[in-house]
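Colleague: Respectively, the protein sequence lines represent chains A and B. Following our numbering, the numbering of the first sequence begins with 2 at its first residue and continues without gaps. Following our numbering, the numbering of the second sequence begins with 2 at its first residue and continues without gaps.
2 protein chains.
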Amino acid sequence: MEPYQLTATEAANLIADRKLSVEELARSCLARIAARDPAIHAWLFVDTDLVIRNARELDKLAVADGPKTRLHGLPWGVKDIIDTFDMPTTQNSPIYPAVHTNRDAACVGIVRSSGALILGKTDTVEFASGGRKALSRNPFNPAHTPGGSSSGSGAAVGDFQVPLAFGTQTGGSHIRPAAFNGIYALKPTGHLVSREGVRMSSITLDTVGWYGRCVDDLILVAEAFRLPKSQAPVPSSPKGVRVGLCRSPAWHAIEPAGEVSLMTAAQRLRDAGAIVEEFELPAPFNDLQDAHADIVETEGGRSFLPEYLSSYAILAPDLRRKVENARGVTPERLLASYALADSCRPAFDRLFGPELDVILTPSAPGEAPEGLHTTGNAIFQRMWTLLHVPCVAIPVGRGPRNLPVGIQLIGPRMSDRRLLDLARILAPAIDAHPKAALRELCG
Amino acid sequence: MEPYQLTATEAANLIADRKLSVEELARSCLARIAARDPAIHAWLFVDTDLVIRNARELDKLAVADGPKTRLHGLPWGVKDIIDTFDMPTTQNSPIYPAVHTNRDAACVGIVRSSGALILGKTDTVEFASGGRKALSRNPFNPAHTPGGSSSGSGAAVGDFQVPLAFGTQTGGSHIRPAAFNGIYALKPTGHLVSREGVRMSSITLDTVGWYGRCVDDLILVAEAFRLPKSQAPVPSSPKGVRVGLCRSPAWHAIEPAGEVSLMTAAQRLRDAGAIVEEFELPAPFNDLQDAHADIVETEGGRSFLPEYLSSYAILAPDLRRKVENARGVTPERLLASYALADSCRPAFDRLFGPELDVILTPSAPGEAPEGLHTTGNAIFQRMWTLLHVPCVAIPVGRGPRNLPVGIQLIGPRMSDRRLLDLARILAPAIDAHPKAALRELCG
Numbered sequence: 002m003e004p005y006q007l008t009a010t011e012a013a014n015l016i017a018d019r020k021l022s023v024e025e026l027a028r029s030c031l032a033r034i035a036a037r038d039p040a041i042h043a044w045l046f047v048d049t050d051l052v053i054r055n056a057r058e059l060d061k062l063a064v065a066d067g068p069k070t071r072l073h074g075l076p077w078g079v080k081d082i083i084d085t086f087d088m089p090t091t092q093n094s095p096i097y098p099a100v101h102t103n104r105d106a107a108c109v110g111i112v113r114s115s116g117a118l119i120l121g122k123t124d125t126v127e128f129a130s131g132g133r134k135a136l137s138r139n140p141f142n143p144a145h146t147p148g149g150s151s152s153g154s155g156a157a158v159g160d161f162q163v164p165l166a167f168g169t170q171t172g173g174s175h176i177r178p179a180a181f182n183g184i185y186a187l188k189p190t191g192h193l194v195s196r197e198g199v200r201m202s203s204i205t206l207d208t209v210g211w212y213g214r215c216v217d218d219l220i221l222v223a224e225a226f227r228l229p230k231s232q233a234p235v236p237s238s239p240k241g242v243r244v245g246l247c248r249s250p251a252w253h254a255i256e257p258a259g260e261v262s263l264m265t266a267a268q269r270l271r272d273a274g275a276i277v278e279e280f281e282l283p284a285p286f287n288d289l290q291d292a293h294a295d296i297v298e299t300e301g302g303r304s305f306l307p308e309y310l311s312s313y314a315i316l317a318p319d320l321r322r323k324v325e326n327a328r329g330v331t332p333e334r335l336l337a338s339y340a341l342a343d344s345c346r347p348a349f350d351r352l353f354g355p356e357l358d359v360i361l362t363p364s365a366p367g368e369a370p371e372g373l374h375t376t377g378n379a380i381f382q383r384m385w386t387l388l389h390v391p392c393v394a395i396p397v398g399r400g401p402r403n404l405p406v407g408i409q410l411i412g413p414r415m416s417d418r419r420l421l422d423l424a425r426i427l428a429p430a431i432d433a434h435p436k437a438a439l440r441e442l443c444g
Numbered sequence: 002m003e004p005y006q007l008t009a010t011e012a013a014n015l016i017a018d019r020k021l022s023v024e025e026l027a028r029s030c031l032a033r034i035a036a037r038d039p040a041i042h043a044w045l046f047v048d049t050d051l052v053i054r055n056a057r058e059l060d061k062l063a064v065a066d067g068p069k070t071r072l073h074g075l076p077w078g079v080k081d082i083i084d085t086f087d088m089p090t091t092q093n094s095p096i097y098p099a100v101h102t103n104r105d106a107a108c109v110g111i112v113r114s115s116g117a118l119i120l121g122k123t124d125t126v127e128f129a130s131g132g133r134k135a136l137s138r139n140p141f142n143p144a145h146t147p148g149g150s151s152s153g154s155g156a157a158v159g160d161f162q163v164p165l166a167f168g169t170q171t172g173g174s175h176i177r178p179a180a181f182n183g184i185y186a187l188k189p190t191g192h193l194v195s196r197e198g199v200r201m202s203s204i205t206l207d208t209v210g211w212y213g214r215c216v217d218d219l220i221l222v223a224e225a226f227r228l229p230k231s232q233a234p235v236p237s238s239p240k241g242v243r244v245g246l247c248r249s250p251a252w253h254a255i256e257p258a259g260e261v262s263l264m265t266a267a268q269r270l271r272d273a274g275a276i277v278e279e280f281e282l283p284a285p286f287n288d289l290q291d292a293h294a295d296i297v298e299t300e301g302g303r304s305f306l307p308e309y310l311s312s313y314a315i316l317a318p319d320l321r322r323k324v325e326n327a328r329g330v331t332p333e334r335l336l337a338s339y340a341l342a343d344s345c346r347p348a349f350d351r352l353f354g355p356e357l358d359v360i361l362t363p364s365a366p367g368e369a370p371e372g373l374h375t376t377g378n379a380i381f382q383r384m385w386t387l388l389h390v391p392c393v394a395i396p397v398g399r400g401p402r403n404l405p406v407g408i409q410l411i412g413p414r415m416s417d418r419r420l421l422d423l424a425r426i427l428a429p430a431i432d433a434h435p436k437a438a439l440r441e442l443c444g
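(1) Quick check: what's the CA-CA separation for residue 430 of chain A versus residue 89 of chain A?
(2) Using a C-beta cutoff of 8 Å, does residue 390 of chain A count as contacting chain B?
(3) Three-state secondary structure (DSSP) at residue 100 of chain A?
(4) Kindly indicate if chain A contains any beta-carbon less than 8 Å away from that of residue 110 of chain B.
(5) Between the alpha carbons of residue 144 of chain A and residue 372 of chain A, how many angstroms are there, rounded?
(6) Step through the CB atoms of chain A and report whether any lies within less than 8 Å of the CB of residue 105 of chain B.
(7) Measure from the alpha carbon of residue 325 of chain A to the alpha carbon of each residue in A:121, A:308 and A:176, then state which is nearest.
(8) Under 6 Å Cβ to Cβ from residue 150 of chain A, same chain only, skipping five residues before and after it: list those, please.
(9) Considering only their Cβ atoms, is the gap separating residue 258 of chain A from residue 368 of chain A smaller than 8 Å?
(10) Taking its Cβ as the centre, do 16 or more other Cβ atoms sit within 10 Å of residue 301 of chain B, making it buried, or is it exposed?
(11) Mind checking if residue 204 of chain B is an interface residue toward chain A, Cβ cutoff 8 Å exclusive?
(12) May I ask you to list the residues that DSSP assigns as paired with residue 346 of chain B?
(13) Starting from the C-beta of residue 100 of chain B, find all residues in its chain whose C-beta is less than 7 Å away, skip the five residues before and the five after it, and write them out in chain order.
(14) So, with DSSP's three-state summary, where would you put residue 70 of chain A?
(15) If you compare alpha carbons, which of A:15, A:342 and A:234 is closest to residue 426 of chain A?
(16) Which of helix, strand or coil does DSSP assign to residue 384 of chain B?
(17) Answer with buried or exposed for residue 365 of chain A, where buried requires no fewer than 16 other C-beta atoms within 10 angstroms of its C-beta.
(18) Does DSSP put residue 155 of chain A in a helix, a strand or coil?
(19) Going along the chain, which unbroken runs of the alpha helix (DSSP H) with 4 or more residues stay wholly within the region 181 to 226 of chain A?
(20) So which of A:216, A:192 and A:20 has the shortest CA-CA distance to residue 179 of chain A?
(21) Indicate whether at least one CB of chain B lies closer than 8 Å to the CB of residue 127 of chain A.
(22) At which residues does the beta strand (DSSP E) containing residue 394 of chain B begin and terminate?
(23) According to the neighbour-count rule (16 or more other Cβ atoms, all chains shown, within 10 Å of its Cβ), is residue 237 of chain B buried or exposed?
(24) Does the distance from the C-beta atom of residue 428 of chain A to that of residue 380 of chain A stay below 8 Å?
(25) Could you give the residue range of the beta strand (DSSP E) that holds residue 80 of chain B?
(26) Within 10 angstroms of the Cβ of residue 92 of chain A, are there 16 or more other Cβ atoms? Answer buried if so, exposed if not.
(27) Do residue 136 of chain B and residue 303 of chain A have their C-beta atoms within less than 8 Å of each other?
(28) Name, in chain order, the residues that DSSP records as bridge partners for residue 276 of chain A.
(29) Does DSSP put residue 164 of chain A in a helix, in a strand, or in coil?
(30) Counting Cβ pairs closer than 8 Å, one from the region 38 to 53 of chain B and one from the region 62 to 70 of chain B, do we hit at least three?
(31) Could you tell me which chain B residues have their CB closer than 8 Å to the CB of residue 310 of chain A, listed as they occur along the chain?
(32) So, helix, strand or coil for residue 139 of chain B, using DSSP?
(33) CB residue 182 of chain A to CB residue 156 of chain A, shorter than 8 Å?
(34) How many angstroms separate the CA atom of residue 49 of chain A from the CA atom of residue 343 of chain B?
(35) Quick one: measure Cβ to Cβ for residue 408 of chain B and residue 245 of chain B, integer angstroms, because I've assumed they're closer than 8 Å.
(36) Are residue 84 of chain B and residue 102 of chain B closer than 8 Å when you measure CB to CB?
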């Protein structure tokens, strides 16, 4: 097994035991990138010399003081709407070709201070909002999209080019690429992780999340971010865990692969002893998709006004339309959309308790669509982003086109750590072939 | 009269009529800065050559194509937690001595694209949150604070060093300096103005605002930001305007100068024909101050985690305490604080209608306190920031120590333009001596 094939957790253990150096791990990932990325196009910027230099520094530090934290030396991909002090940020936009901001975004600063090795910047939908698509391709079939807008981060982790990466979600930009690339993801509770230094699209919805190759990888990062610990006890096995099977108001958009994925996950959980029961959201939740659109369009219009004024000719038409309020959202309608979200959030939180530990729901309609003209449909993610609830994406297996399909587990706001702990218990049942991707791709 | 003494509106008219060049105006402000700033310390960065170069470019552009907008050539001060592509940003922190981010914050980009001339960066409380105070002094008495955290922006506009400036408010950082420096300010509806590129302290509360020397100045900028236009008709005189005189739940902190200021404004409005009636907020609003503290401390903790990890030794103790959650805010309490704000916001909006056009309330307890160890008490601003409502600061006159005192007018969310239109009608009655500051300071 090559170092690039390791999960972050496995690599962290080897580094802690001094059985693997940061430089060895970095070189292994860089070699994988060199071999695979000409076909996958996950990356917009990788400076090999810089990576090796930083890896050696981290090795020296580990020799002198021991690993800084469990993240010490773990390679990271950073979505290119996120600033890095030593690498350019392009936002995949012709308006900002390659800006050196000389400052780390908060999320980058946190993992870098924890000893992480920033490998490079990953391709993204322009501004993570509209305009240009990423050039990234799905590692399971390069004729298909890896999803978006966190296209490169999802593809890079799915293709074993890097064990960990940052993505962001405003609609479905983080969880969908996880589903399409057969990887694990946490989209944290809204506002729980600082999005300083991340290109803003929607001020109330943009959320930074991370990708990994197992739930333990996600927990490793959650610890670095000091997400609040769970107070409630976490069961030690799936037995008796109460799972709400939620088709969600978006069910009309489900595809056969998505339905099979959800039902397979439910059945596997039942087989493992969990109590899986149908779960329907109250009626007001049906309007959250429209509210999400009102908010994203209006807040997006405010976010892209600078580019509209400075660079109208090269600003993408869909972003111009946000500024021009093509959706025609009145201030009253915007406030009503905020009010709906504000009332649904605590109502959703209150659904959890002795009768319900976690919600099981689709992470995407089905497999990744063919072509790079689309990044897929965000309909199974938007509502949860608007609710500000934590979401964990877990792979289930392969669909009829041999592309990954998955589900997401969801909990109430601020329960991120408990949700991850539950996901750690439940994922081995859901993800029946955790090493399938590895075998297939690295075979 | 020297160009530096002009309001932004007066200067814009002269520039449009080609009676004043951008360079003349810039040189006048720069001379005022050179003469006064050694005593006032409003600025952290002014590059005279850069300003003159940019001013000449704007003059050439105006000759070739006419003024870009009504903001063409108007000099701006930018609070130094706000990024500017051609000037360093320090955040007044030893952690970031002078970072060239090479990218404009959204608010800077919007006014720059509208033709504004960025004069320089103004001093601020560290990160606009805690730690180091600005060195800025009150132009009416340098032994007193100009308020904070937008200390330099408030002092620079109050001292006639620049007609317009950006500040930010998370608690009371924008409106209080307006009150203490005898100037006008708009703190817009929360989330209405992009805060991209502005140092984040509290993700749900940080708000970018601007200072001017009259309501028309504030409107000039509101137009550049395309704040949504008012649908409801605006009266043409104070006669019959319904004003709610709101002592607010913070009234226990009022000082004699603040009380006189509020009552004077109320009486002047009555004399001008407005209907001023006592107005009391519903009981749940009493808890907004505590909710604000919960939110600011918790969100601040997440915002300063990068510096806590990277620069613990030089991170200010009050900022460390946020990260350490010294206030002991549990996730449940945080969510309850969010829920209170979420329910009070629409409840507040609904108070307005035929019976109530605008609320009149203190902008600070009284005059600016003596000394630079404090920037004053934010108790009369915090609640409104949490409610996300637009606030317009208007000077009333001088207190017993001959320092400025003022009030603020407040409307429902998203009514910023209507609030400004109402303020334009009401301010001439409230601000009985609009040129007093000018006479006093400019002799």
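Backbone N, C-alpha and C define an ideal beta-carbon position, used for all residues, glycine too.
Modeller: In short:
(1) Within the first sequence, numbered from 1, the residue matching residue 430 of chain A stands at position 429. Within the first sequence, numbered from 1, the residue matching residue 89 of chain A stands at position 88. Taking the straight line joining both Cα atoms gives about 41 Å.
(2) Within the first sequence, residue 390 of chain A is the residue found at index 389, counting from 1. No, because no Cβ of chain B sits closer than 8 Å to the Cβ of residue 390 of chain A.
(3) Walking along the first sequence from the start, residue 100 of chain A turns up at place 99. Residue state, collapsed to three classes: strand.
(4) Counting from one through the second sequence, the residue named residue 110 of chain B turns up at place 109. Residue 110 of chain B counts as touching chain A.
(5) Locating residue 144 of chain A in the first sequence gives position 143, where the first residue counts as 1. Locating residue 372 of chain A in the first sequence gives position 371, where the first residue counts as 1. Spanning the two alpha carbons is a distance of roughly 6 Å.
(6) As a first step, residue 105 of chain B must be located in the second sequence, where it is residue number 104. Yes, residue 105 of chain B counts as interfacial toward chain A.
(7) The residue labelled residue 325 of chain A in the question sits at position 324 within the first sequence. For the residues A:121, A:308 and A:176, the minimum Cα distance to residue 325 of chain A belongs to A:308.
(8) As a first step, residue 150 of chain A is located in the first sequence; it is residue number 149 there, counting from the start. Around residue 150 of chain A: 125, 126, 129 and 174.
(9) Position 367 of the first sequence, counted from the first residue, corresponds to residue 368 of chain A. Position 257 of the first sequence, counted from the first residue, corresponds to residue 258 of chain A. Yes, Cβ-Cβ distance for residue 368 of chain A and residue 258 of chain A is below 8 Å.
(10) Here residue 301 of chain B refers to the residue found at position 300 of the second sequence. Flag for residue 301 of chain B reads buried.
(11) Looking up residue 204 of chain B in the second sequence gives position 203. At least one chain A Cβ lies under 8 Å of residue 204 of chain B.
(12) Taking the first residue of the second sequence as 1, we reach residue 346 of chain B at position 345. According to DSSP, which records beta bridges pairwise, residue 346 of chain B is partnered with nothing at all.
(13) Sequence index remark: in the second sequence, residue 100 of chain B carries index 99 (1-based). Taken in chain order, the residues that qualify are 89 and 90.
(14) In the first sequence, the residue the question calls residue 70 of chain A occupies position 69. It is coil, neither helix nor strand.
(15) Residue mapping note: residue 426 of chain A aligns to position 425 of the first sequence, counting from 1. Measuring from the Cα of residue 426 of chain A, the nearest candidate turns out to be A:234.
(16) Sequence index remark: in the second sequence, residue 384 of chain B carries index 383 (1-based). Residue state, collapsed to three classes: helix.
(17) Locating residue 365 of chain A in the first sequence gives position 364, counting from the first residue. Looking at its Cβ environment, which holds 16 or more other Cβ atoms inside 10 Å, residue 365 of chain A is buried.
(18) The residue given as residue 155 of chain A occupies position 154 in the first sequence. DSSP places residue 155 of chain A in helix when its eight states are reduced to three.
(19) 216 to 225
(20) As a working note, residue 179 of chain A is residue 178 in the first sequence. Selected option, being the one with the closest Cα: A:216.
(21) As a first step, residue 127 of chain A must be located in the first sequence, where it is residue number 126. No, residue 127 of chain A does not count as interfacial toward chain B.
(22) Mapped onto the second sequence, residue 394 of chain B falls at position 393. Looking at the DSSP string, the run of the beta strand (DSSP E) that includes residue 394 of chain B is 392 to 399.
(23) For the purposes of this step, residue 237 of chain B is taken as residue 236 along the second sequence, with counting starting at 1. The residue in question, residue 237 of chain B, is exposed, as its Cβ has fewer than 16 Cβ neighbours within 10 Å.
(24) The count along the first sequence starts at 1 and reaches residue 428 of chain A at position 427. The count along the first sequence starts at 1 and reaches residue 380 of chain A at position 379. The answer is no: Cβ separation not under 8 Å.
(25) Start at 1 with the first residue of the second sequence, and residue 80 of chain B comes out as number 79. Element bounds for residue 80 of chain B: 76 to 80.
(26) By one-based count along the first sequence, residue 92 of chain A stands at place 91. Under this definition residue 92 of chain A is a buried residue.
(27) The sequence position of residue 136 of chain B within the second sequence is 135, counting from 1. The sequence position of residue 303 of chain A within the first sequence is 302, counting from 1. Against a cut-off of 8 Å, the Cβ pair of residue 303 of chain A and residue 136 of chain B comes out as no contact.
(28) The residue given as residue 276 of chain A occupies position 275 in the first sequence. DSSP, once it has assigned bridges, lists A:243 as partnering residue 276 of chain A.
(29) Counting from 1 along the first sequence, the entry for residue 164 of chain A is found at position 163. Coil at residue 164 of chain A, not helix or strand.
(30) no
(31) The count along the first sequence starts at 1 and reaches residue 310 of chain A at position 309. Chain B residues near residue 310 of chain A: 110, 111, 114 and 115.
(32) Indexing the second sequence from 1 puts residue 139 of chain B at position 138. Three-state result, residue 139 of chain B: strand.
(33) Indexing the first sequence from 1 puts residue 182 of chain A at position 181. Indexing the first sequence from 1 puts residue 156 of chain A at position 155. It is a contact, given that the beta carbons lie within the stated cut-off.
(34) Counted from its first residue, the first sequence places residue 49 of chain A at position 48. Counted from its first residue, the second sequence places residue 343 of chain B at position 342. Roughly 48 Å separates the two Cα atoms.
(35) Sequence index remark: in the second sequence, residue 408 of chain B carries index 407 (1-based). Sequence index remark: in the second sequence, residue 245 of chain B carries index 244 (1-based). Residue 408 of chain B to residue 245 of chain B, Cβ: 12 Å. No contact.
(36) The residue labelled residue 84 of chain B in the question sits at position 83 within the second sequence. The residue labelled residue 102 of chain B in the question sits at position 101 within the second sequence. For residue 84 of chain B and residue 102 of chain B, yes; Cβs fall inside 8 Å.
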